[in-house]
Amino acid sequence: MNRAVFLDRDGVIIRTDVQGGKPYAITSLDALEILDGAEDAIRRLKQAGLATIVVSNQPDVAAGKVTYDVVEAINAELMEKLDIDEIKTCFDTAAPCYKPRPGMLLEAAGKHAIDLSGSYMVGDRWRDIGAGKAAGCFTVFIDCGYAEMLIDAPDATVGSVAEAADLILSLESKRETL
Ligand SMILES: [Mg+2]
């Protein structure tokens, strides 16, 4: 079995616009900015033998705030620049793939023979933590200081994606010595 790190996209790998304590996804390719440390964090996780899979809710397409093509162009650029195995996107808030439902993680697990109980979910919002918990992963919350509550308690809380990678790699090294 393989193991993976599932990563949220907006606010974890790329910058969001935070207004009034709430993060808003970017709406153009020009606004794409990979967060400090994200490229290196993903490379380190991948080098440790973990699959790196992005799982992203994109409700703004149906809401008319961003086009499907822009979302896909951003994802294509991330696939090109970062050591990511796959980017999964859910556009439908009612679908089983929409976080906190675990559909994207379950689908990826089936496709890549991933042991979810030995995998990690990294995200900046309650929906990410909910999806990771529902899939049976170890959950890492990146606290960006948004004005919103968590619903499920994460297994760990960190301040950045670089710190999330540090934590996961330290757990991995302990795992090896067991
Ligand atoms: Mg996010």
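Count the sequence shown with numbering that gives the first Met the number 0 and you get residues 0 to 177, in order.
Ideal Cβ placement from N, Cα and C applies to all residues, glycine included.
Asked	Found
By DSSP's criteria, M120 is part of a beta bridge. Which residues make up the other side?	F5 and T138
From K186 to D151, what does the alpha carbon distance come to, in whole angstroms?	Only positions 0 to 177 of the chain appear in the structure, and residue 186 is not among them; the question remains open.
Between V4, D127 and V157, which lies nearest to Q46 when the distance is taken from Cα to Cα?	V4
Which residues mark the beginning and the end of the alpha helix (DSSP H) in which K173 is found?	V160 to T176
Taking I73 as part of the alpha helix (DSSP H), name the residues at either end of that continuous run.	Y67 to K80
Closest to A108 by CA distance: which of A93, D127, D91 and G135 is it?	G135
Going by beta-carbon coordinates alone, are A130 and G122 separated by less than 9 angstroms?	yes
Buried or exposed: P95, going by 16 or more other Cβ atoms within 10 Å of its Cβ?	exposed
What residue does the alpha helix (DSSP H) around E106 start on, and which one ends it?	G102 to H111
At the level of alpha carbons, what is the spacing between T176 and A163?	20 angstroms
Return the CA-CA distance between M103 and D29, expressed in angstroms with no decimal places.	27 angstroms
So, for P99: in the same chain, excluding its five sequence neighbours on each side, which residues have a beta-carbon less than 6 angstroms away from its beta-carbon?	R126, G129 and A130
In the DSSP assignment, the alpha helix (DSSP H) including E38 goes from what residue to what residue?	A37 to Q46
Check the C-beta distance from F90 over to A61 and give it rounded, since I have them as a contact under 8 angstroms.	6 angstroms
If you follow the beta strand (DSSP E) that D88 is part of, which residue opens it and which one closes it?	Before going on, a small fix: residue 88 reads as Thr here, not Asp. Segment E85 to C89, the beta strand (DSSP E) holding T88.
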